[in-house]
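Data first, discussion second: the structure below is written as structure tokens.
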Amino acid sequence: MRLDVVKDPSLDEFFGPALAADMRNSVYAGGDCRYCGKQLRDGDKVRLDAATEHFPTVWARHATCAPTTATDLASSMITPMTWLTLGLTIPTKSASSKPRQLPLAILNPSVDGFSFRPGVEAWPRSLKDYYLSQGFSEPGNLKLGTASDPHWFGSLNGLEFKFSMSPIGSDYIAKMPIAAPAAIEDWGGVSLILTHSIVPAEAIASEQDFRSFLHGGDYVQAWIPVRK
Ligand SMILES: [Zn+2]
């Protein structure tokens, strides 16, 4: 699912080589080209362009596509990025009582670009470090049931879990399994895993894949309370 990303030096110059390399490794097929709007597919050669004023933003395009006018460039910058989610429940261990099902959502917040809040003074070495600086927890350090940020919340409509994490992003939707409503009622929220290291479907392709993804630790976590 990874794309062939051309190594343009301008990205390294602005964001530093470590973060630039992490971004190049974190674009996947399934997103959209900023210029032609067509889907980026397996094996496509792509470039990452950056707008570094105000809200630093990076987006992917086919290596052969280019803006024709300044107007095209401006309109391309407001195109939303492509996010992917997956909802599940997992049994939690409990020494004393019966096992509980923990509601979990996996989010890749963008497979075709990256955005950062204004005013970042020193660029982190990785996207993971950026999210850690924005209120997310290291793997295994999440306090279940305690909101990670007062402005982050979700709601459940049928099996659709809709959640927002201002200013990271809003109105993400994860399709939850049939066991989720009872689990969310039990816990009062959803444990969120945010990652750029994989697309969610690949993270849970098999139990073994899911275990090695969790063990690998290339993600951050947050607790999203669910409003009724
Ligand atoms: Zn294109």
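Okay, so the sequence shown: first residue is 55 according to my numbering, each after it adds one. The C-beta atom is built at its ideal place from N, Cα and C for all residues, glycine as well.
Quiz item: So which of Phe168, Thr146 and Ser64 has the shortest CA-CA distance to Arg88?
Solution: Locating residue 88 in the sequence shown gives position 34, where the first residue counts as 1. Closest by alpha carbon: Phe168.
Quiz prompt | Three-state secondary structure (DSSP) of Trp277 | solution = Translated into positions along the sequence shown, residue 277 becomes position 223. Strand at Trp277.
Exercise. Quick one: residues in its chain with C-beta nearer than 7 angstroms to the C-beta of Ser13, no 5 flanking neighbours on either side, listed in chain order?
Key: Given a span of 55 to 282 for the chain in the structure shown, any question on residue 13 remains unanswerable.
Quiz item: Trp137 and Leu161 look like a contact to me (Cβ under 8 angstroms); what is the Cβ gap, rounded to whole Å?
Solution: Here residue 137 corresponds to residue number 83 of the sequence shown, with the count starting at 1. Here residue 161 corresponds to residue number 107 of the sequence shown, with the count starting at 1. Yes, Trp137 and Leu161 are in contact; Cβ-Cβ is about 7 angstroms, under 8 angstroms.
Exercise. Give me the Cβ distance between Trp241 and Leu156, rounded to the nearest whole Å; I'm assuming they're in contact under 8 angstroms.
Key: Translated into positions along the sequence shown, residue 241 becomes position 187. Translated into positions along the sequence shown, residue 156 becomes position 102. Trp241 to Leu156, Cβ: 7 angstroms. Contact.
Quiz item: To the nearest angstrom, how far is it from the Cα of Pro235 to the Cα of Leu196?
Solution: For this step, residue 235 is matched to residue 181 along the sequence shown. For this step, residue 196 is matched to residue 142 along the sequence shown. If you take the alpha carbons of Pro235 and Leu196, they lie about 21 angstroms apart.
Exercise. Determine the direct distance from the alpha carbon of Asp76 to that of Cys90, and round the result to whole angstroms.
Key: The count along the sequence shown starts at 1 and reaches residue 90 at position 36. The count along the sequence shown starts at 1 and reaches residue 76 at position 22. Distance between the alpha carbons of Cys90 and Asp76 is about 25 angstroms.
Exercise. Run the CB neighbour count on Arg115, radius 10 Å, all protein chains shown included, and call it buried at 16 or more, exposed below.
Key: Working through the sequence shown from its first residue, we reach residue 115 at position 61. Classification of Arg115: buried, given that the 10 Å Cβ count is 16 or more.
Quiz item: Between which two residues does the alpha helix (DSSP H) carrying Ser64 extend?
Solution: On the sequence shown, position 10 is the one that residue 64 refers to. It spans Pro63 to Phe69 - the alpha helix (DSSP H) in which Ser64 sits, taken as one unbroken run.
Quiz item: Among the residues of its own chain, which have a CB less than 8 angstroms from the CB of Phe207, if the five just before and after it don't count?
Solution: Translated into positions along the sequence shown, residue 207 becomes position 153. Result list for Phe207: Ala201, Phe217, Ser218, Ile278, Pro279, Val280 and Arg281, in chain order.
Practice problem: Could you check which residue in Gly173, Val60 and Asp98 has the C-alpha nearest to that of His108? | Solution: Indexing the sequence shown from 1 puts residue 108 at position 54. Residue Gly173 is the option with its Cα nearest to His108.
Quiz item: For ligand 1, which residues count as neighbours when the test is a C-beta closer than 6 angstroms to any heavy atom?
Solution: Close to ligand 1, as judged by a C-beta nearer than 6 angstroms to any of its heavy atoms, are the residues Cys87, Tyr89, Cys90, Lys92, Arg115, His116 and Cys119, in chain order.
Quiz item: Can you name the start and end residues of the beta strand (DSSP E) that Glu107 belongs to?
Solution: Working through the sequence shown from its first residue, we reach residue 107 at position 53. Per DSSP, Glu107 belongs to no beta strand (DSSP E) and is neither H nor E.
Exercise. Report yes if the CB atom of Ala83 is closer than 8 angstroms to the CB atom of Asp96, and no otherwise.
Key: On the sequence shown, position 29 is the one that residue 83 refers to. On the sequence shown, position 42 is the one that residue 96 refers to. It is a contact, given that the beta carbons lie within the stated cut-off.
Exercise. Could you tell me the boundaries of the beta strand (DSSP E) in which Glu192 lies?
Key: By one-based count along the sequence shown, residue 192 stands at place 138. It is not in any beta strand (DSSP E) - Glu192 carries neither H nor E in the DSSP assignment.
Practice problem: Take the Cβ of Ala176 as the centre, count every other Cβ of all protein chains shown within 10 Å, and call the residue buried at 16 or more, exposed below. | Solution: What you label residue 176 is simply residue 122 of the sequence shown in a count that begins at 1. Flag for Ala176 reads exposed.
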